Amino acid sequence: MTIETTHSLADRQAKVLTYLGAIPFIIAVLIGLNIHVSFPEILGGDIAYASFKAKALVHSYAVVILSFLGGIQWGISLREPVTRRLYIVSNVIALAAWLSLIVFTKSEGLIIVLLGFIVALWVDQKAHNRGMIPSWFWQLRIKVTAIVCLSLLLIIALTW
4 MTIETTHSLA DRQAKVLTYL GAIPFIIAVL IGLNIHVSFP EILGGDIAYA
54 SFKAKALVHS YAVVILSFLG GIQWGISLRE PVTRRLYIVS NVIALAAWLS
104 LIVFTKSEGL IIVLLGFIVA LWVDQKAHNR GMIPSWFWQL RIKVTAIVCL
154 SLLLIIALTW
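Counting from 4, one number per residue, gives the positions in the sequence shown under the working numbering.
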């Protein structure tokens with residue numbers, strides 16, 4: 004089954020929401036650089052976290068996002084019987100990410116979630132090659148994964 008659609012309003016909304024979802028990774032880098040971050044008062048006002056806080060913030064958010072990506076991969080698997088192994092891969096990614104929160108030091112944990120994003124992208128590449136996800140989504144995944152991985156690498160380097 005091949006999925007190619009024209010760019011609908013839903014596709015554009017998905018793109019906007021995906022890029023908005025990358026903002027916390029960028030904010031964590033700014034915090035890791037010890038740059039003063041100013042939020043609206045309703046979100047806590049002025050915040051100047053130490054770099055260790057940047058690691059904790061991005062680590063927990065990365066685990067949430069990897070779990071979300073696993074849910075997307077489950078949805079793909081439900082539509083295509085040939086790819087039932089995506090169930091297993093998506094669960095392994097989500098569980099490894101969760102385990103990284105409790106077992107590993109923050110730097111090691113960030114490396115685990117970084118690898119999780121790379122594996123999740125690889126899984127999506129396989130799905131795209133089989134025509135299971137549209138090209139616009141695959142291109143979006145490449146771009147946002149690059150932002151996320153670069154952010155994680157910067158935080159690891161800044162806070163090692």
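Idealized CB from N, CA, C, for every residue including glycine. Quick caveat: nothing in here was measured; it's all calculated off a predicted structure.
Whole-Å CB distance - residue i paired with residue j, under 8 Å assumed
i           : j            : result
valine 116  : alanine 65   : 4 Å
leucine 69  : alanine 97   : 6 Å
valine 61   : leucine 155  : 7 Å
valine 126  : valine 92    : 5 Å
leucine 118 : threonine 21 : With 8 Å as the limit, leucine 118 and threonine 21 do not qualify as a contact, their Cβ atoms being about 21 Å apart.
Span of the alpha helix (DSSP H), counted from its first residue to its last, around residue i
i              : result
threonine 108  : Run containing threonine 108: none; DSSP gives neither H nor E here.
tryptophan 141 : 138 to 162
glycine 24     : 12 to 35
Proximity of residue i and residue j at Cβ, strictly below 7 Å
i                : j            : result
alanine 57       : glycine 74   : no
leucine 89       : serine 103   : no
isoleucine 136   : alanine 130  : yes
leucine 72       : alanine 123  : yes
tryptophan 141   : aspartate 14 : no
valine 32        : leucine 157  : yes
tryptophan 163   : serine 110   : yes
phenylalanine 28 : valine 151   : yes
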